[in-house]
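All residue numbers for the sequence shown refer to full-length UniProt numbering, where the first residue is 1 and numbers rise by one.
For glycine and all other residues, C-beta sits at the position ideal for the given N, C-alpha and C.
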Amino acid sequence: MTPKNPKHMVLTTFMLPAGYHKDSWRMDGSRSDELANLEFVYDLTKMAEDAKLDAIFFGDIVHANTVMRGDIKMNGFYEPMTVLSALAARTKNIGLIGTVSTSFSEPYNLARQMAGLDHMSGGRAGWNIVTSSDGFQNYGIKTAPDPATRYRRATEFVDVVQQLWDSWEDDAVINDKESGWYVDTEKIHPINHTGEFFQVQGPINMPRSPQGRPVLVQAGSSGPGMELGSSVADGIYTAQPLKEPSVEFYAKFKAMAAAKGRNPQDIKVIPGILPILGDTQAEADELAEHLANHLHLDNGRVQVGADLKMDLSELDFNDKIPASWFSDDPALGSRYQIYRRKSVDQGMTLRELIVDLARSTGHQWMAGTASAVADRMIDWFDSKACDGFNLNAPFNPGGFKLICDKLVPELQERGYFRTEYEGTTLRDNFGLSRPASIRERV
Ligand SMILES: Cc1cc2nc3c(=O)[nH]c(=O)nc-3n(C[C@H](O)[C@H](O)[C@H](O)COP(=O)(O)O)c2cc1C
1 MTPKNPKHMV
11 LTTFMLPAGY
21 HKDSWRMDGS
31 RSDELANLEF
41 VYDLTKMAED
51 AKLDAIFFGD
61 IVHANTVMRG
71 DIKMNGFYEP
81 MTVLSALAAR
91 TKNIGLIGTV
101 STSFSEPYNL
111 ARQMAGLDHM
121 SGGRAGWNIV
131 TSSDGFQNYG
141 IKTAPDPATR
151 YRRATEFVDV
161 VQQLWDSWED
171 DAVINDKESG
181 WYVDTEKIHP
191 INHTGEFFQV
201 QGPINMPRSP
211 QGRPVLVQAG
221 SSGPGMELGS
231 SVADGIYTAQ
241 PLKEPSVEFY
251 AKFKAMAAAK
261 GRNPQDIKVI
271 PGILPILGDT
281 QAEADELAEH
291 LANHLHLDNG
301 RVQVGADLKM
311 DLSELDFNDK
321 IPASWFSDDP
331 ALGSRYQIYR
341 RKSVDQGMTL
351 RELIVDLARS
361 TGHQWMAGTA
371 SAVADRMIDW
381 FDSKACDGFN
391 LNAPFNPGGF
401 KLICDKLVPE
411 LQERGYFRTE
421 YEGTTLRDNF
431 GLSRPASIRE
441 RV
């Protein structure tokens, strides 16, 4: 294995086969009839691996609310653990990051699933830790617990999972045919955890996985989200539409990690970007317009209303949401404030807001040539606004093909991205070493 070049970005892709730009599945050539099958998502994954991306990333929601509002973008057609297991069998190098909420599972289940994926993929598993704000009614819970409670549960959940992953010492498997003992039981330890939310005896029932512990990714930019991420995560997903706030976020985040005794370079800050690419600026603008023309505006109104928890049914598309309708309540999350800035500070009308959110969902988007988009990405990277990007394909498969065929080669030519994989694990791709067992810290 060759170490990752520190000048290289981390590049993952948010795998939404219906296309990141809302309603782009309505475009010709979208393969929307294949959603939920393996072949389509495999073809996208192969493109990502051929482009040498660090990882594919699957989000997850555990409800059909968005589908029922006419939005299939963040659909749950691809349940992360099952689709990643299938894709593990057909890929070699690309990292496999899946979202699993800490609100609906038990640490013992998650620890086994992720460690199993890590074993079977040869060390390519990653877990995106989310606390979820929706879907509780599908698990017998009437209303979502407040964010502080959800994050307390998440913090304990992750702690238990880490203890379970490390409950087997690296050399616990002795495979001793003569003695008839496959494991050295002295090297496998119960965890005896008793906490606010979980009681787990342990140990886990499988050996420590190839990466030691699967990569941990966290997507939350609020105080408790950053607290958890800076304590445990190897990668941070974040919505950062503007460079300066991203520079601030990056610096704050790295400082928080350093204050916890971690090497700031070991935590990769990865904002999303949605590139709409053309051979000329005019061509890219035309494509952006073409994408916008596929939007179902009435559904968009409902979606924005749901995101902002506002009744927008009477508002004209050409009017702005009155500033007084917005709230300061931090419980509404960091993404709400991004929408608020666009509406109140930038003065977007409801129609403009619908189009903007359909493109980016709060992330940065850019229509331009591959060279211009690469300029922007390199500027962010060199300015310490990020360590790389989560690439949001505006439409599939065509929009992702443009990213892989035009944007990634541009970054490679300028020396900002690998042309060959350095090793075989997701940690190799991120430039992270295999972690020592947390048992050794005690
Ligand atoms: C790139 C990215 C991907 C996310 N994926 C999911 C997801 O798949 N499921 C989910 O429930 N939340 C997801 N989230 C939402 C976060 O978990 C979190 O709820 C959100 O960022 C707000 O958290 P905060 O209030 O701590 O900022 C994602 C966020 C980002 C930035």
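Sheet register partners of residue i (DSSP bridge)
i, result
"M74", "None, per the DSSP bridge assignment."
"S209", "G212"
"L274", "W365"
"H193", "V200"
"I129", "V100 and Q218"
"K268", "G235"
"T13", "I56 and L391"
"G95", "A55"
"I188", "W168"
Anticipated Cβ contact below 8 Å, residue i with residue j, distance rounded
i, j, result
"L291", "R301", "Not a contact, Cβ separation roughly 18 Å."
"F104", "L84", "Actually they do not touch by this definition, with Cβ atoms about 18 Å apart."
"G278", "E289", "Rounded, the Cβ-Cβ distance is 11 Å, inconsistent with contact."
"H193", "P203", "That belief does not hold up - the Cβ atoms of H193 and P203 are roughly 11 Å apart, past 8 Å."
"K22", "L295", "6 Å"
"G235", "F430", "7 Å"
"S24", "F395", "4 Å"
"I141", "L164", "In fact, because the Cβ distance is near 24 Å, the residues do not count as touching under 8 Å."
"L11", "L53", "5 Å"
"Y211", "D118", "According to the sequence as given, residue 211 is Gln; it is not Tyr. About 6 Å separates the two Cβ atoms, so the contact holds."
"Y336", "L357", "Y336 to L357, Cβ: 12 Å. No contact."
"D43", "P322", "No, D43 and P322 are not in contact; Cβ-Cβ is about 46 Å, not under 8 Å."
"E156", "F198", "6 Å"
"I129", "A154", "6 Å"
"I354", "V304", "6 Å"
"F381", "M9", "6 Å"
"A115", "P214", "7 Å"
"N299", "D71", "6 Å"
"T424", "G76", "Actually they do not touch by this definition, with Cβ atoms about 30 Å apart."
"I438", "Q162", "6 Å"
Min CB distance residue i to chain E below 8 Å
i, result
"A251", "Checking the listed chains, one finds no chain E in this structure; it contains a single protein chain."
Note down, one range per segment and in chain order, each beta strand (DSSP E) of at least 3 residues found wholly within the stretch 243-323. If only uninterrupted beta strand (DSSP E) runs of at least 3 residues are considered, those enclosed by the stretch 243-323 are 268-277.
Only counting runs of 3 or more residues, tell me where the beta strand (DSSP E) segments fall wholly within the stretch 158-185, in order along the chain. 173-176 and 181-183
Whether or not the stretch 363-371 and the stretch 320-333 are in contact is what I'm after, with contact meaning three or more pairs of Cβ atoms, one per stretch, closer than 8 Å; do they touch? Counting C-beta pairs closer than 8 Å gives fewer than three between the stretch 320-333 and the stretch 363-371, which falls short of the contact rule.
Cβ contact (3+ pairs, closer than 8 Å) linking the stretch 231-243 and the stretch 379-399: yes
Can at least three beta-carbon pairs, one atom from the stretch 87-105 and one from the stretch 132-140, be found at a separation below 8 Å? yes
I'd like the ranges of any alpha helix (DSSP H) spanning at least 4 consecutive residues and lying wholly in the stretch 329-353. 334-340
Any chance the stretch 359-368 sits against the stretch 26-39, with 3 or more Cβ pairs inside 8 Å? No contact exists between the stretch 359-368 and the stretch 26-39.
Quick check: the stretch 167-186 against the stretch 204-213, are at least 3 beta-carbon pairs closer than 8 Å? yes
Please confirm if the stretch 409-427 is in contact with the stretch 252-272, defined as three or more CB-CB distances below 8 Å between the two stretches. no
Quick test of the definition: if touching needs 3 or more C-beta pairs under 8 Å, does the stretch 141-148 touch the stretch 401-418? no
Contact between the stretch 394-403 and the stretch 247-267 is defined here as three or more beta-carbon pairs at a separation below 8 Å; is this criterion met? no
Count the C-beta pairs between the stretch 87-94 and the stretch 104-115 that are closer than 8 Å, then say yes if the count reaches three, no if not. no
Count the CB pairs spanning the stretch 336-356 and the stretch 58-69 that are closer than 8 Å, and state whether there are at least three. no
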